[in-house]
Amino acid sequence: KDERLMVEKLPFEIGQQVALDDVLMIAAKDFTLMGRPTIQNARVLATVEELSQTEKVVIMKKRRRKGYQKNMGHRQWVHFLRIDSIDHNVTAETFEAPNEVAAIRINAESSNITI
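Number 272 in this note's numbering belongs to position 97 of the sequence shown; there are no gaps in the numbering.
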């Protein structure tokens with residue numbers, strides 16, 4: 176909780192709450208839950224805090240003995256998420272987000288989220 180994550184750019188606005196349903200592992204001081212492949216009835220609520228770019232990644236191409244050198248680079252757009260809550264005993268009735276929160280479910284197959 177209250178941890179900050181850097182993920183690839185997502186189609187959300189800053190300040191919007193996001194519900195992550197495909198949870199692979201939950202760890203605390205006294206227990207650890209691991210999914211096969213995901214944990215059933217688990218959900219992570221996070222808030223989008225910031226949209227920025229990463230540091231520049233420099234790519235250099237070179238061919239030996241040909242006099243060919245090329246420098247390229249790019250900066251990747253990323254979102255910073257603040258973890259609000261981690262729930263691992265969510266029932267089917269409470270699995271949907273509260274009405275006052277504009278939560279959006281992310282499907283792990285469609286977006287590449289790395290922590």
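Don't be surprised by glycine CBs; every beta carbon is placed ideally from N, CA and C.
Counterpart residues of residue i in DSSP-defined beta bridges
i, result
"Thr-213", "Thr-213 is not bridged to any residue."
"Lys-236", "Lys-245"
"Ala-221", "Val-193 and Ile-258"
"Leu-185", "Looking at the DSSP assignment, Leu-185 forms no beta bridge with any residue, so it has no partner."
"Lys-251", "Correcting the residue type first, residue 251 is Gln in the shown sequence and not Lys. For Gln-251, which the question treats as bridged, DSSP gives no partner whatsoever."
"Thr-207", "Ala-202"
Reference residue i, options the options, closest by Cα
i, options, result
"Arg-218", "Arg-240, Val-193 and Ile-234", "Val-193"
"Pro-212", "Ala-221, Pro-186, Phe-206 and Val-198", "Val-198"
"Pro-186", "Gln-228, His-263, His-254 and Leu-220", "His-254"
"Lys-176", "Asp-196, Ala-203, Lys-184 and Gln-191", "Ala-203"
"Glu-178", "Gly-248, Lys-241, Glu-224 and His-263", "Glu-224"
"Gly-248", "Asp-196, Ile-234 and Leu-226", "Ile-234"
"Asp-262", "Leu-226, Ile-214 and Gln-228", "Ile-214"
"Asp-196", "Phe-206, Leu-220, Arg-239 and Lys-184", "Leu-220"
Contacts around residue i, its chain only, beta-carbon distance under 8 Å, and the 5 residues preceding and following it disregarded
i, result
"Lys-237", "Tyr-243, Gln-244 and Lys-245"
"Glu-230", "Arg-250"
"Thr-222", "Gly-190, Gln-191, Gln-192, Val-193, Leu-256, Arg-257 and Asp-259"
Cutoff 7 Å; reference residue i; Cβ partners in own chain excluding five residues on either side
i, result
"Met-181", "Val-253 and Phe-255"
Residue i: first and last residue of the uninterrupted beta strand (DSSP E) it sits in
i, result
"Val-198", "Val-198 -> no beta strand (DSSP E), and no H or E assigned at all."
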